[in-house]
Amino acid sequence: MDWKIAHRDPRVASAFAAYRDFVLGVATHYAGSRLMEQLDLSPLGDDLRLSISDDFPEGLTTIRSIRDLRNSIETGEYGQLCLRLAIVQLCTAFEVFFDAVADIHGIPASRGDSVSATCHRVSASPLVLGNRAIVQIRKLHRRLAIRSVLDNDEVLVKLTAIIEVRNCIVHSAAVVADDRTALRLRAYAIDHAVGEMLHLADNLLDDFLHYMGSHVAAFVRALP
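Quick note: the sequence shown uses the UniProt record's numbering, first residue 1, plus one each step.
In structure tokens, the structure reads:
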């Protein structure tokens with residue numbers, strides 16, 4: 001996608017540049033993890049020890065081995081873990097950006113605020129969305145009298161689905177905790193039953209990154 005957006009307000013330009021750099025840093029790290037999955041580690045020998053720091057004597061530091069790494073890659077655990085960590089960071093970048101823009105325009109979101117949005121893919125009834133960034137998005141559009149595709153109900157529900165993936169990872173060890181979460185995940189065609197662990201497609205980070213990034217870019221272009 002095109003990240004080259006020049007905004008006349010230097011504060012907005014700086015916030016968007018920080019968002020872009022954060023997201024592309026996450027993409028670089030994830031691309032590196034995908035490369036690791038393709039490398040032939042056998043010449044290193046299964047018993048090669050991998051310590052996670054050199055701060056402590058050997059008996060006190062955490063040590064893994066090439067065997068552990070290969071097993072993790074071969075079972076798919078490594079790829080899923082890297083994907084989950086990247087999604088958490090992607091959502092962090094998204095929320096930090098909207099905190100910054102809301103602060104620039106003096107439009108905070110208070111605890112307990114929510115918005116109503118309808119997405120017929122998941123429910124005929126409106127959904128109540130309480131994530132702070134989602135609330136900020138709607139408030140910014142209303143208070144600044146701007147229009148962008150980011151304020152579309154279905155877009156807000158799909159963004160909420162991405163954030164719900166993050167919440168599952170952070171708060172329930174990637175397990176779908178309840179019916180409310182399962183319903184919202186379906187907005188992004190992520191279909192898991194309550195109690196199931198999320199198993200995410202390898203291309204989902206790229207999908208999430210472009211969906212979030214393209215809508216953030218449209219929003220920035222609409223800002224005064």
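Even glycine gets a Cβ: it sits at the ideal position worked out from N, Cα and C.
Treat the numbers as computed from the prediction; the structure is a model and nothing was measured.
For the pair L127 and I169, the Cα-to-Cα distance works out to about 22 Å. Between H215 and M1, the CB-CB gap reaches or exceeds 8 Å. Listed in chain order, the alpha helix (DSSP H) elements of length 4 or more contained wholly in the segment 94 to 150 are 132 to 144. Under the criterion of beta carbons closer than 8 Å, V122 and R184 qualify as touching, at roughly 7 Å. Excluding sequence positions up to five before and after N167, its CB lies within less than 8 Å of the CB of T181, all in the same chain and listed in chain order. Rounded to whole angstroms, the Cβ separation of I107 and K139 is 5 Å, and the two are in contact under 8 Å.
Apart from sequence neighbours up to five positions away, the residues of its chain that approach V149 with a beta-carbon distance below 8 Å are V155, H215 and A218, ordered along the chain.
Under the three-state reduction of DSSP output, S53 falls in the coil class, being neither helix nor strand. In this structure, the beta-carbon distance from G79 to D202 falls below 8 Å. With a beta-carbon spacing of about 7 Å, E196 and V175 fall inside the 8 Å limit used to define contacts. Of I63, I52 and I104, the smallest CA-CA separation from Q136 is found for I104. With contacts defined by Cβ atoms closer than 8 Å, I87 and V23 do not form a contacting pair. By alpha-carbon distance to A173, the top candidate from D40, H199 and G25 is H199.
For I73, the uninterrupted alpha helix (DSSP H) run begins and ends at I66 to T75, by DSSP. The beta-bridge partner set that DSSP reports for M36 is empty.
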